[in-house]
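Just remember that the working numbering sits 171 ahead of the position in the sequence shown, which is counted from 1. For each residue, glycine too, the CB sits at the ideal point set by N, CA and C. Below is one structure; the comments refer to it alone.
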Amino acid sequence: MAKVIAVAVPKGGVGKTTTAVNLAASLAAFEKRTLLVDTDILGACSLSLGFTREKVQGGLFQVFNFSHSISQVIHRTEIPFLDFVPANVYTAQHEDRFYRLAENRTILKNSLRAVLPHYDYIILDCPPMLRGLTTNALTSADSLLIPVKAGHFSLDAVDRLMKYLEWIHEVANARLELEGVLLTMHEPNTKVSDITERELRLRFRKHVLKTIIPKNTHLVEASFYGKPGLLFNATSKGTLAYLQLAREILDRAEPRVNAETQQHTGT
172 MAKVIAVAVP
182 KGGVGKTTTA
192 VNLAASLAAF
202 EKRTLLVDTD
212 ILGACSLSLG
222 FTREKVQGGL
232 FQVFNFSHSI
242 SQVIHRTEIP
252 FLDFVPANVY
262 TAQHEDRFYR
272 LAENRTILKN
282 SLRAVLPHYD
292 YIILDCPPML
302 RGLTTNALTS
312 ADSLLIPVKA
322 GHFSLDAVDR
332 LMKYLEWIHE
342 VANARLELEG
352 VLLTMHEPNT
362 KVSDITEREL
372 RLRFRKHVLK
382 TIIPKNTHLV
392 EASFYGKPGL
402 LFNATSKGTL
412 AYLQLAREIL
422 DRAEPRVNAE
432 TQQHTGT
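Written as structure tokens, this is what we have:
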């Protein structure tokens, strides 16, 4: 049964989509059956994986309209073990309808039930806002991964998200856990980075992940070529950092999986 991880923070430009795409690709590199779902109408995941409009055969828009099941809009990628569901929103009319449909916060959760047994991980890339599609993702998820770029506005966005998480726990998804806070686009030995990291560790302590994603031009270039870092430059610092992130998440999950196995077998 898949573990569903939402990658979310109410701020753009912090490496959210880069994290979703490259984490999904890295989990697949560890031969974990992985599904990446783009819930952001801007469709950045599609571009990062080389899915131009003419290559997309249905997506989340059709799922929310109940014209397709999520199984019918899964696309295979260049990476074995990695599948993809695009957002597939191309007009202002579709965008408006998508937002209205997303007011039903359980659509995505109910849609994913059919594919949960077929994957080990499902990664949800969320838009840089809290309501609507992000609420759908958080209602569906087992855990929340928060990417944070150094800066005062990023810290404020994390605070807003944590308050929203309390509301999600109360009304929609009591089991949602914090997967971790991830430092992204990190520039070491700068005052802003040092202050941001210190503040995050003071506020969230054990939830700040050991892995730090460095600022890396290869990751930016990879998206222009429609490829995850693994297929563009497998030895770049950015690619290796996301592989390390995947390994950290897998290692953190092992005690939970072992406990569930023992409970199931009665040992």
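Which of the three DSSP states is assigned to A273 in this structure? Reading the sequence shown from its first residue, position 102 is the one you call residue 273. Note: A273 maps to coil in three-state DSSP.
Let me check understanding here. Comparing Cα to Cα, which of H246, F237 and I420 lies closest to G351? Within the sequence shown, the letter at position 180 stands for residue 351. The candidate whose alpha carbon is nearest that of G351 is I420.
Contact between the stretch 192-210 and the stretch 333-346 (3+ Cβ pairs under 8 Å): no
Taking buried to mean at least 16 other C-beta atoms within 10 Å of its own C-beta, is L194 buried or exposed? Within the sequence shown, residue 194 is the residue found at index 23, counting from 1. That one is buried.
State yes or no: is the C-beta of L402 within less than 9 Å of the C-beta of I245? Taking the sequence shown and counting its residues from 1, one reaches residue 402 at position 231. Taking the sequence shown and counting its residues from 1, one reaches residue 245 at position 74. Not closer than 9 Å, so no.
Whole angstroms are fine: how far does the CA of K320 sit from the CA of K408? Indexing the sequence shown from 1 puts residue 408 at position 237. Indexing the sequence shown from 1 puts residue 320 at position 149. Their Cα atoms are separated by approximately 17 Å.
Nearest neighbour of M172, chosen from P288, T223, A263 and D211 [CA to CA]: Against the sequence shown, residue 172 aligns to sequence position 1. Nearest of P288, T223, A263 and D211 to M172, Cα basis: P288.
Would a C-beta distance cut-off of 9 Å place D296 and T223 closer than the cut-off? Taking the sequence shown and counting its residues from 1, one reaches residue 296 at position 125. Taking the sequence shown and counting its residues from 1, one reaches residue 223 at position 52. No. Outside cutoff.
Could you pull the DSSP bridge partners for A177 from this structure? What you label residue 177 is simply residue 6 of the sequence shown in a count that begins at 1. Per DSSP, L295 and L315.
Would you say T190 and L316 are within 9 Å of each other, going by their C-beta atoms? Within the sequence shown, the letter at position 19 stands for residue 190. Within the sequence shown, the letter at position 145 stands for residue 316. Taking 9 Å as the Cβ cut-off, T190 and L316 qualify as a contacting pair.
D422, buried or exposed, once every other Cβ within 10 Å from all chains shown has been counted against 16: Within the sequence shown, the letter at position 251 stands for residue 422. The residue is exposed, with fewer than 16 neighbouring Cβ atoms inside 10 Å.
Which same chain residues end up closer than 8 Å to V363 when comparing Cβ atoms and leaving out the 5 residues on each side of it in sequence? For the purposes of this step, residue 363 is taken as residue 192 along the sequence shown, with counting starting at 1. Taken in chain order, the residues that qualify are A321 and G322.
Given E368, which residues of its chain have a CB within under 7 Å of its CB, disregarding the five upstream and five downstream residues? Counted from its first residue, the sequence shown places residue 368 at position 197. So the qualifying residues of the chain are L354.
Nearest candidate by alpha-carbon position, reference A417, set F201, G186, P318 and K187: In the sequence shown, the residue the question calls residue 417 occupies position 246. Closest by alpha carbon: F201.
So which of G184, F252 and T310 has the shortest CA-CA distance to I176? Position 5 of the sequence shown holds residue 176. When only C-alpha atoms are compared, the closest one is T310.
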